[in-house]
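Protein chains in written order, with full-length UniProt numbering: chain A, 1 to 377; chain B, 1 to 352. Notes follow the structure.
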Amino acid sequence: MKFVDEFRDTEKAKTLTKEIHRLAKKLENKQGINQSRPLQIMEFCGGHTHTIFRYGIEQMLPDNIEMVHGPGCPVCVLPMGRVDDCVTLAERPEVIFTTFGDAMRVPGSKKSLLQAKADGADIRMTYSPMDALNLARTNPDREVIFFGLGFETTMPSTALTVLQAEREGINNFSLFCNHITTVPTIKAVLDSPDMQLDGFLAPGHVAMVIGERPFDFIAKDYHKPLVITGFEPLDILHSMWMLLKQINEDRSEVENQYTRIVPTEGNTPALEAISKVFEVREFFEWRGLGSIDHSGVRMKKEYTAYDAEQKFSVPNLKIADPKSCQCGEVVKGVIKPWDCKIFGTKCNPENPMGALMVSSEGACAAYYNNGYEKKIA
Amino acid sequence: MIDLENLPKTKFRGKNITLAHGAGGKAMRDLIDEIFVAGFDSPELTLLEDQARFDLSNLNKLGNRLAMTTDCYVVDPLFFPGGDIGKLAVTGTVNDLAVGGATPLYLTCGMIIEEGFPIDDLQRIVASMKSTADSAGVRIVTGDTKVVPRGAADKLFINTAGVGVIPETSNIQANRAQAGDVVVINGYVGDHGAAIVDARGELALEISTVTDCQPLNDLITEMLKVCPDIHCMRDATRGGLATVLNEFASSSEVAIQLDNTKIPVREEVRGVCEILGLDPLYLANEGKLIAIVSKEDSESLLAAMQKHPIGKDSCIIGAVEESPQGKVILETGFGGNRIIDMLIGEQLPRIC
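Rendered as structure tokens:
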């Protein structure tokens, strides 16, 4: 398959892996980075976590490099209270509730959307908010709500859909906005006192929208090297090599490995659509991480008519994470998934207690599914 | 062969199925005579007894064990690229018998029809069942029809049960895989799943993949001729290749090591999976068998399979190892490994 297979080439992978091992060895000699004090590299994005496990990349890396699977899986970090709100909206008889597929299984305090669907709610899986708008066009007597979810990657398409609805005067379409922002979240991770990360693989699709500059503070103020990374396995290895090179040369810069997609300044029309429709919330609640300032967006007043939170009443209750969950510490790399008391026992993919067990992109689910189960008690 | 595009006109009156067609009276009798008895055209069915009857001495000649299976078919849409629910209903049951080493012989056909279902479609589906049964060398010998009010069923549901005979020489069981064996498949995986996703039309994919829905019994007969001792064999339907191999690994208490570069997946199917965030190893197939045989037997088996029209793309995709017990491990083809587990629930497309 063209434009895919080139980025999965085994020979190139071997060359890169060899170089990564060579650089890691140099670090061991120079800075005493070894298995007991490994270099901690965070891949922020769930898409990267998925690639890393799908291709077995962790096993290809030297022992003194540890991947920390960050909080960038929007499905995982959705708090239970918001899922409850979704269920409340979806169970209104006049509503067709539309959502991306993998949000269906996220547990709320009482049920998931999948269970609500079985109980009779009209919930439909869509691949694009435009599909939801189309449902609104063809079902004028129903209220179609789209569950807007994800980082800056998916924000432009929801924003453009709202603008399209406005242009066409479609009044039975609204958005339940749960979009979240990348940079404040990385900042929250960096500000956490137990943080010990040494570098970042930054999300390529977010950077495609927001550009390289918003990441500058990580290199400048926190002195952590960062590489904007694509999603194919060679992208990951290439970025890892770039990152190790920076660390070896005592540099902390923002570098862009994903130049085939990410322009330095981002995507201006996409950014315009976002700022037209959305504004930053004072704070947003994350499953596993708690409340983070400015980490979410809501719809601007001008678009109240398309804001499901304004149009319908939602309970908006805060539901605390189960006490036994240690997702926050896993996300920050303080502990590995198997160090959590309930990993693989009370918390497993069939019955997820914590955020990271919810989606296959969550670190705990990935560990569990990929058989890191010798560590399961 | 039956020409599905140019079916003979029936004497049957009316365009759509009504509740009267399930009420036990004259209308139902007409439906049975004109659509089912005429369409399936088997001597047992024509007698219109409440049961089909078989001469045991004929069955005894074929083997020493009777095999029986049943399956329900609720696919949506009813017609899809390369097949329809009728073809599926015959193929699926024939294949469930054949992968156990049985010679499939007789099928039953139960239909639950929603009020208002078009007679033309029903006739096409029955003809497709007959055509598939003929090609598999089986007969539909008894059946039942129920008509339910609009909304009580989705268009048409079919149940088929099948009976076959297992020859004395064969002993195919999910718990017989042993270290040193190899894993064989008869061609490309995921075609049926991709064709169904496309046929639902929600995604406007414009692909040309058709279902692989096909009876496997003739191929299996050829396989058993050169390799009577097939250890394990199943057809990889719902849950795909991954699920069948997990069943083998778990029942046999062995590990199965797969090589991703050897598993045949069509470019288009790979493309669909890339776009939709699905994994071809979990996509449904309707004409793919997975067999586990000893390494010594594998060469002659493969040669025989590749000579058969539905086995020409057969290949070895992996090997059985002692440990880790119960696990299926995929060598990713990139340098690492990953565990291929059973699916939890449905395969859901990822957000990003």
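Cβ coordinates follow ideal geometry from the N, Cα and C atoms, glycine included.
- By the Cβ neighbour-count rule, residue 223 of chain A is exposed, with fewer than 16 other Cβ atoms within 10 Å of its own.
- Ranked by Cα distance from residue 97 of chain B, the first of B:314, B:307, B:289, B:319 is B:289.
- For residue 270 of chain B, the residues of chain A that pass the 9 Å Cβ criterion are 1, 4, in the order they occur in the chain.
- Contact between the stretch 167-187 of chain A and the stretch 274-290 of chain A is present: 3 or more CB-CB pairs across the two stretches fall below 8 Å.
- Look at the stretch 329-347 of chain B: the residues with a C-beta under 7 Å from a C-beta of chain A are 332, 333, 334, 335, 336, 337, 338, 339, 341, 344, 345.
- The Cβ atoms of residue 126 of chain A and residue 132 of chain A sit closer than 8 Å to each other.
- Here the alpha carbon of residue 103 of chain B sits roughly 5 Å from the alpha carbon of residue 165 of chain B.
- Chain B has no Cβ within less than 8 Å of the Cβ of residue 129 of chain A.
- The Cβ neighbour count for residue 275 of chain B, taken over all protein chains shown within 10 Å, is under 16; the residue is labelled exposed.
- Flagged as an interface residue toward chain B: residue 59 of chain A, by a C-beta distance shorter than 8 Å.
- The beta carbon of residue 101 of chain A sits closer than 8 Å to some beta carbon of chain B.
- The straight-line gap separating the alpha-carbon atoms of residue 36 of chain A and residue 64 of chain A is approximately 8 Å.
- Between residue 294 of chain B and residue 224 of chain B, the gap from beta carbon to beta carbon reaches 8 Å or more.
- Contact of residue 206 of chain B with chain A is not assigned, every C-beta pair being separated by 8 Å or more.
- The C-beta distance from residue 270 of chain B to residue 357 of chain A rounds to 29 Å, too long to fall under 8 Å, and the pair is not in contact.
- Under DSSP, residue 328 of chain B shares a beta bridge with B:256.
- Across the UniProt domain "PurM-like C-terminal" (178-330) of chain B, CB contacts with chain A closer than 7 Å involve 203, 267, 270, 271, 274, 327, in sequence order along the chain.
- Annotated three-state conformation of residue 323 of chain B is coil, per DSSP.
- Per the coordinates, the alpha-carbon of residue 125 of chain B lies some 31 Å from the alpha-carbon of residue 242 of chain B.
- When rounded, the separation of the alpha-carbon atoms in residue 12 of chain A and residue 335 of chain B is 11 Å.
- Approximately 16 Å separates the beta-carbon atoms of residue 148 of chain B and residue 119 of chain B; this is outside 8 Å, ruling out the contact.
- Taking residue 190 of chain B as reference, the option from B:286, B:230, B:99 with the minimal CA-CA separation is B:286.
- Its Cα nearest to that of residue 117 of chain A, the residue A:86 stands out among A:237, A:38, A:86.
- In this structure, residue 333 of chain A sits away from residue 244 of chain A, with a CB-CB distance that is not shorter than 8 Å.
- Distance from residue 93 of chain B to residue 69 of chain B at the Cβ level is roughly 6 Å; contact confirmed, criterion being Cβ atoms closer than 8 Å.
- Counting only the Cα atoms, residue 20 of chain A lies some 27 Å from residue 365 of chain A.
- Under a 10 Å Cβ-count criterion, residue 51 of chain B is classified as exposed, with fewer than 16 other Cβ atoms of the shown protein chains found around its own Cβ.
- Residue 58 of chain B counts as exposed, since fewer than 16 other beta carbons sit within 10 angstroms of its beta carbon.
- Taking a contact as a CB-CB distance under 8 Å, the pair residue 7 of chain A and residue 234 of chain A counts as one, their CB atoms being some 5 Å apart.
- Against chain B, the CB of residue 105 of chain A has a partner CB under 8 Å away; the residue lies at that interface.
- Within the same chain, and ignoring the five residues on either side of residue 203 of chain A in sequence, the residues whose Cβ sits closer than 8 Å to its Cβ are 44, 45, 47, 48, 72, 151, 153, 182, 228, 229.
- Taking the Cα of residue 200 of chain B as reference, the smallest distance to any Cα among B:263, B:173, B:292, B:78 is reached at B:78.
- At a C-beta separation below 7 Å, residue 362 of chain A has no neighbours in chain B, since its nearest C-beta there lies roughly 12 Å away.
- With a threshold of 8 Å between beta carbons, residue 284 of chain A makes no contact with chain B.
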